[in-house]
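Novice: Residue numbers for the sequence shown follow the UniProt record's numbering, beginning at 1 and rising by one.
Okay, handing you the structure first.
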Amino acid sequence: MKRVCLGLLIQCSHSTDPSIVAMATAKLHYILQCRTPTDAEEVGYLVYRLSGALENAIEVGNSEEYSFLIPVMKALLEKTETMLGLLVNVPNLPPLSSGPVFFHEFQMFAGHKQWQTFIKKRIKPLHDAYQKEIEVTLCEPLNTFWAECYESCKRTGKLCKEIEMESRTKFQEKIIMPWRYRQSEEIHRQNAALATLKADEVKCDRLYRQFRRSLYGARGPWSKSKLDQDHWKLLNRENFNRMRMKLDPNLYHNPHTMAANLRDNTTLDDDRRLSADFGPAIIPSATPLDITDEEGFVVLEEDLRFSQEVSILEEPQAQEVDREKIIISYECELIVLMSRIKGKLEISATSVAFVDQSQQQQDQRHDFKFSLALLREIHLRKYNLRRSALEIFLVDQRSYFINLTTKTRNKAFSKILGLQPPNIQYGSGRAPSELLKASGLTQKWVNREISNFDYLMHLNTIAGRTHNDLSQYPIFPWILADYTSEILDLTDPKSFRDLSKPIGVVNPKNEIEVRSKYENFEDPSGVIPKFHYGTHYSNSAGVLHYLLRIEPFTTLHVELQSGRFDVADRQFHSINQTWRQLMDSPNDVKELIPEFFYMPDFLRNINGLDLGMLQTTKEKISDVILPPWAQSPESFIAIHRRALESDYVSANLHHWIDLIFGYKQKGRAAIEALNVFYYCSYEGAVDLDKITDAKEREAIEGMINNFGQTPSQLLREAHPRRLTSDECLVRLLRNDIKRPEFINYLDRVSSVYCDLSTEKDPVVYLSVPRTPQRSFLQSGPDVLISVTRSGTLSTHTWAPYDKEKGFIFGTDSAKTRKVLTGAFHPAVKLSGKLFALNLEGKLLYTGGIWDCSLKVFSVHKGRAVASVVAHSDVITCLAIDSGGMYLVTGSRDCTCVLWSISNTNLTQSSVGLVNLAAGAAAVASPSGSSGGAASLLAPQPLKALHGHESAISAVAIMTEFDLVASGSMDGTVNLYSIESGQLIRTVSPLGCTGVTIEISFVTISYQGHVAFSALDDTSYSVHAFTVNGVHVGSKYVSGRVTSLATISDLLVVSDDAGDITISRLNGLKPIFDIPLHVPIDLFVVFPGPSPLLVSVLVGFLSVFFVVVPLTRGCLSFFCGVIGCSRVHSLLAVCLAPVKFYSFLFFYIRFFISYFILQFYIYFFPWCWSQSILVYFKFYS
């Protein structure tokens, strides 16, 4: 140990710190004075190390260190003078007894050769021997010592840690945990309060904007002379044909000025620097669509200090409000166009809910909840080529696309179906190909029972294409090739595209290049198989390319282009130019989207966006440039839709279906048809669940999302072609199982007359009970309800088609008829506009009551079961939506009221209804309402709709478009939103003059048109607008309009001059007239695959149908009309004109026609149809 300490002292004497050197040398000097060294090796070690230190101090001129070391050297040499033989070895050494003189003399002697030789030969060997001895004797003891020290420190450290952990645990239990619990409660309370406050602020801001728009709008009380420009966005609702076309006001419009500036490189320096520093992602996130006002200022920006606890902690708050027990819950993603919103799917016994767990603004959250009674369809879907998604369709035409996992998807699907939703129309786990086969849609299309558009949309739906995911958007074909002619000839095959080839090789010049690319492609890794096209006919970028001008697709386009608009030349600005690009390059293979066949507004720059200028012509881009044969976007859509339904497309569409959905999609047939795409677009090509690398999986998901996805294959063999019109008619007549389509054979329309009422008490209301429309099959109604001018309620048997008897119509006896009790206002003339039948056909809603109430009558009992008052004047008209969910009433008080009908299948109570059966002051209980299982009215109206200056004269409602239309005596038609109750726009009849203009009838078509009739001081007219307020046609009619109805894209108008006119909604150009020469009270169109037109004359029912000659089935049809036990005889049918012509002329004509009929039947029994036709021609 002493050697170790001696070594430490010597080492410290060599330190650069003078204080350490002083202490070390003092200790060495003290040791030398106290003991005399006896070990020569130890003395040699000390002399050698001290000599080295002195030489170093002399060399560097460190006199201070030298002064500390020289006394030690002098003492050492004095003690070992004899041992080292200094007199002999260094005779010239300065005298050790010289005192201070030695200090200076040794400094000079240290560099002398004699001293250096002494150190080298005498001292160095002793030093080395000493060092060697230390290494041999001290190594193992030192290692043992340090090991013992380490173990001791380790034990001590462990003990200290245990003591520390025990103390920390006690501290956490007694102090930290109570504090954190209290802190969590406070944070929860604060965040909940702030979230509620922020939600209220967002709601108030939105309501303020809506209210401001109502007050300062065209129909508001403070209307400005110069109105603010409205901006629009696409409503997320679709009709039964899956068409989304209605635009709603965009209260938070973003003009995307920054995106336009970035495209043109005209931004300010600060903006450029900001974009460069933070990247392009700051552009869309800095000014999101729903939180910026017209001036571009951000409103209600989310506080960045909110943590993820906000959304998580809001869950218990929602559960406190809704105490339903959650049966099952899954983590999932809600797919909205191109966004994936993380959340949780919660299923209870009565509802399905999605809880948004993403960090979204309060006004951008996507939470939803709906009753199981609202569920209409649920489909198994795939997302990113994985079978992991569900698509849900509701009764009110909302839809949601939810992505789960491959395992939880099927469990959620089974659980929802296991709860047995009451209004479910489709829910099956069948494969798409099996579903198509089971639906019978192909055979219906072949037999011309459904249109080309409807069939393509059904195929897209079954194959998994959806509006909710842009990477799986519905696909429609390019059908025309002529975009340059002034007039489009739909009878010329040259006007059409070759539907048997993929769009990439429609131009024969591209075929060689495409084939060569496939044959010469080789992947060195062997992973990528050969393909013809490196792009796809349907992907997110392609959909945004077409829908650039409509929000929210404008914002998505800007985000996809890194915060800027694409270059003007690459944007969709001309239909002809887009077609030419497709023909010139096989690399661009975009097909069309459904909007090309029903929505004209996507071709307009409705929001005034700055889309740039073309580089070649310097022309500013705004609306899409249309072909010469289209005068307007509405004209283009109408002609394009007719082209889709043309004979050429009908005869060749099955070839295109084979390419996209059929047997030419994959395999050898696809190779021969030049129809092979990149492998990642096909289902089953990539299994994402087996990819463990997160980065690789994310890259492949991005490739699938951006490149596009091929639809599910529906057919493994060639698709059958569609029958021609003549072939279809022959087949229908031969099989005698269905009635020919009414609108397809207008030239063969005839009518049959039946007694309905008396001339003194004519029918003013005739209705067909409307059951909810099914996915693929729908049974027709079986009961007709009529109300006469005296208030007599009658029930009639009705079958729209019977194989043996044609159609069946029977009236009830006089004893079973009921009279509607309750006093109608004396100034109100009963008409069909005052009545509406509920969905089940059990309750009749009635207006025109003197006390301004809305009465509910039981059809079965014929007495009032409920009454509700919401107007301050008499109700003049009412209408019910096709789903039986909403009722709208119009009144003389210039307002409309929107009611929610509490259908037993949709809601659970009808609290607060006045039960007239129990007494005028009684209130119906939730469980014992007098309506029983039938639907009643909600106790309070949902919305009061304002905006008219005179009494309401007509109303119409369509839930699919979130639309209420009301006509007034002030000559205007207002369009309202059902959801918000806000006035969207006002339209007025064009060409009407005079002091008073009255709107008499309003109707809404399923193809997105609002048609209405108007009368002024001098004329009667009919007008048509789109649901987005664009005028598409007006025409004058010969008499006062008595009824309006729509069939597909046709408008049917009847007037008191005895004419029924059928016109196309676009342009209102007549295509067929039915002159009856008898005043028509009203008419209705019976829904179904083959709609019938039924008009009511003075006391008679006239049923219009298609006369089908050249077959024996025609006679069976005619005899069916006259042979039913509850249907009138031949004489009764022929008596229809008796009240309009003289008896003498009628009997002469009847007997002549009857003898001719008997003559043909007796002498020419093989000519059944000719005999019937001769009879109809003579008699009609």
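The beta carbon of each residue, even a glycine, is placed where N, CA and C say it ideally should be.
Values in this document were obtained by computation on a predicted structure and should not be read as measured data.
Tell me which residues share the same chain as S712 and place their Cβ nearer than 7 Å to its Cβ, disregarding the 5 neighbours each side in the sequence.
Specialist: Stepping through the sequence shown from its first residue, residue 712 is reached at position 712. Here the set comprises P432, A463, G464 and E683.
Novice: If we count the other Cβ atoms within 10 Å of its Cβ and call it buried at 16 or more, is I402 buried or exposed?
Specialist: Within the sequence shown, the letter at position 402 stands for residue 402. Buried, since its Cβ has 16 or more Cβ neighbours within 10 Å.
Novice: Secondary structure at M703, three-state DSSP: helix, strand or coil?
Specialist: The count along the sequence shown starts at 1 and reaches residue 703 at position 703. DSSP places M703 in helix when its eight states are reduced to three.
Novice: Tell me where the alpha helix (DSSP H) around C139 begins and ends.
Specialist: As a working mapping, residue 139 is identified with position 139 in the sequence shown. Taken as a continuous stretch (DSSP letters only), the alpha helix (DSSP H) holding C139 covers K124 to F171.
Novice: Start and end of the alpha helix (DSSP H) containing C34?
Specialist: As a first step, residue 34 must be located in the sequence shown, where it is residue number 34. First-last of the alpha helix (DSSP H) with C34: P18 to C34.
Novice: Extract the residue ranges of the alpha helix (DSSP H) inside the region 380–455, only unbroken runs of 4 or more that lie entirely within it.
Specialist: DSSP runs (the alpha helix (DSSP H)) wholly in the region 380–455: 406–418, 432–439 and 441–446.
Novice: Tell me which residue opens and which closes the alpha helix (DSSP H) that T1003 is part of.
Specialist: Within the sequence shown, numbered from 1, the residue matching residue 1003 stands at position 1003. Where T1003 is concerned, there is no enclosing alpha helix (DSSP H), although the beta strand (DSSP E) it sits in stretches over E998 to I1004.
Novice: Mark Y1141 as exposed unless 16 or more other C-beta atoms lie within 10 angstroms of its C-beta, in which case mark it buried.
Specialist: Here residue 1141 corresponds to residue number 1141 of the sequence shown, with the count starting at 1. In this prediction, Y1141 scores a pLDDT of 40, lower than 50, which makes its location untrustworthy; the coordinate-derived value is nonetheless stated afterwards. Per the 10 Å Cβ criterion, exposed.
Novice: Does the region 43–60 come within contact of the region 68–83, defined as at least 3 CB pairs closer than 8 Å?
Specialist: Contact between the region 43–60 and the region 68–83 is present, because at least three Cβ pairs lie under 8 Å.
Novice: Using beta-carbon positions only, say whether G1008 and M243 come within less than 8 Å of one another.
Specialist: Here residue 1008 refers to the residue found at position 1008 when the sequence shown is read from its first residue. Here residue 243 refers to the residue found at position 243 when the sequence shown is read from its first residue. Yes. Within cutoff.
Novice: Could you have a look at S13 and say whether DSSP puts it in helix, strand or coil?
Specialist: The residue you call residue 13 lines up with position 13 of the sequence shown. Reduced to three states, the DSSP call for S13 is helix.
Novice: Determine whether the beta carbon atoms of P372 and T350 lie at a separation below 8 Å.
Specialist: One-based indexing of the sequence shown puts residue 372 at position 372. One-based indexing of the sequence shown puts residue 350 at position 350. Here residue 372 turns out to be Leu, not Pro, going by the sequence shown. Contact: yes.
Novice: In angstroms, rounded to a whole number, what distance separates the CA positions of S977 and L898?
Specialist: Here residue 977 is taken as the residue at index 977 of the sequence shown, counted from 1. Here residue 898 is taken as the residue at index 898 of the sequence shown, counted from 1. So the two alpha carbons sit approximately 10 Å from each other.
Novice: Can you tell me the Cα-Cα spacing of A670 and L715, whole angstroms?
Specialist: For this step, residue 670 is matched to residue 670 along the sequence shown. For this step, residue 715 is matched to residue 715 along the sequence shown. Going by the C-alpha atoms only, they are around 13 Å apart.
Novice: Could you give the DSSP three-state label for V4: helix, strand or coil?
Specialist: Counting from one through the sequence shown, the residue named residue 4 turns up at place 4. Helix at V4.
Novice: Considering only C-alpha positions, which residue in the set D454, I326 and V395 is nearest to A412?
Specialist: Position 412 of the sequence shown, counting from 1, holds the residue named residue 412. Of D454, I326 and V395, the residue nearest in Cα terms is I326.
Novice: Considering only DSSP beta bridges, list what A956 is partnered with.
Specialist: The sequence position of residue 956 within the sequence shown is 956, counting from 1. Looking at the DSSP assignment, A956 forms a beta bridge with A965.
Novice: Checking the sheet assignment: what are the DSSP bridge partners for H796?
Specialist: The residue given as residue 796 occupies position 796 in the sequence shown. Per DSSP, L784 and T811.
Novice: What's the gap between the Cα of R863 and the Cα of P422?
Specialist: Counting from 1 along the sequence shown, the entry for residue 863 is found at position 863. Counting from 1 along the sequence shown, the entry for residue 422 is found at position 422. Between R863 and P422, the C-alpha separation is close to 29 Å.
Novice: Touch check for the region 623–642 and the region 1062–1069: three-plus C-beta pairs under 8 Å?
Specialist: The region 623–642, when compared against the region 1062–1069, does touch it at the 8 Å Cβ threshold.
Novice: Suppose the cutoff is 7 Å on Cβ atoms and the five residues either side in sequence are ignored; what does the same chain contact list for L456 look like?
Specialist: Working through the sequence shown from its first residue, we reach residue 456 at position 456. F476.
Novice: From the DSSP secondary-structure annotation, give me the bridge partner or partners of M177.
Specialist: On the sequence shown, residue 177 is found 177 positions in, with the first residue counted as 1. Answer is none; M177 lacks a bridge partner.
Novice: Which of helix, strand or coil does DSSP assign to Y598?
Specialist: Translated into the one-based positions of the sequence shown, residue 598 becomes position 598. Residue state, collapsed to three classes: coil.
Novice: Given I704, which residues of its chain have a CB within under 8 Å of its CB, disregarding the five upstream and five downstream residues?
Specialist: Counting from 1 along the sequence shown, the entry for residue 704 is found at position 704. Closer than 8 Å at the Cβ level, and outside the excluded window around I704, lie N384, L385, S471, C680, S681 and V686.
Novice: What is the rounded straight-line gap between the Cα of S900 and the Cα of S225?
Specialist: Position 900 of the sequence shown, counted from the first residue, corresponds to residue 900. Position 225 of the sequence shown, counted from the first residue, corresponds to residue 225. So the two alpha carbons sit approximately 36 Å from each other.
Novice: State the start and end residues of the unbroken beta strand (DSSP E) segment that holds N838.
Specialist: If you number the sequence shown from 1, residue 838 lands on position 838. Looking at the DSSP string, N838 is not in any beta strand (DSSP E), and its letter there is neither H nor E.
Novice: With H, G and I counted as helix, E and B as strand and the rest as coil, what does DSSP make of G343?
Specialist: The sequence position of residue 343 within the sequence shown is 343, counting from 1. In this structure, G343 counts as strand in the three-state DSSP scheme.
Novice: By a C-beta neighbour count over all protein chains shown, 10 Å radius and 16 as the cutoff for buried, is N92 buried or exposed?
Specialist: Taking the first residue of the sequence shown as 1, we reach residue 92 at position 92. Exposed is the call here.
Novice: Hey, is the region 567–587 in contact with the region 216–230, meaning 3+ C-beta pairs nearer than 8 Å?
Specialist: Verdict: no, contact absent.
Novice: Per DSSP, what are the beta-bridge partners of F636 in this structure?
Specialist: For the purposes of this step, residue 636 is taken as the residue at position 636 of the sequence shown. BP columns for F636 are empty, so no partner.
Novice: Taking the straight line between their C-alpha atoms, what separation do you get for I40 and T156?
Specialist: The count along the sequence shown starts at 1 and reaches residue 40 at position 40. The count along the sequence shown starts at 1 and reaches residue 156 at position 156. One detail in the question is off: residue 40 reads as Ala in this sequence, not Ile. Near 43 Å, if we compare the C-alpha coordinates of T156 and A40.
Novice: What is the residue span of the alpha helix (DSSP H) that L846 lies within?
Specialist: By 1-based counting over the sequence shown, the position of residue 846 is 846. Strictly speaking, residue 846 in this sequence is Thr, with Leu absent from that position. Careful: T846 lies outside any alpha helix (DSSP H), inside the beta strand (DSSP E) at L843 to T846.
Novice: Measure the CB-CB distance between D1017 and G612 and report whether it falls below 8 Å.
Specialist: Position 1017 of the sequence shown, counting from 1, holds the residue named residue 1017. Position 612 of the sequence shown, counting from 1, holds the residue named residue 612. Taking 8 Å as the Cβ cut-off, D1017 and G612 do not qualify as a contacting pair.
Novice: Between N239 and F961, which are expected to be in contact by the criterion C-beta below 8 Å, what is the C-beta distance as a whole number of angstroms?
Specialist: Locating residue 239 in the sequence shown gives position 239, counting from the first residue. Locating residue 961 in the sequence shown gives position 961, counting from the first residue. Between F961 and N239 the Cβ distance is about 7 Å, and since that is below 8 Å, they are a contact.
Novice: Using the DSSP secondary-structure output, state which residues sit across from M613 in a beta bridge.
Specialist: Within the sequence shown, numbered from 1, the residue matching residue 613 stands at position 613. Partner(s): K620.
Novice: Could you say if the region 525–541 and the region 663–677 meet the contact criterion of at least three C-beta pairs nearer than 8 Å?
Specialist: Judged by Cβ distances under 8 Å, the region 525–541 makes contact with the region 663–677, as three or more pairs qualify.
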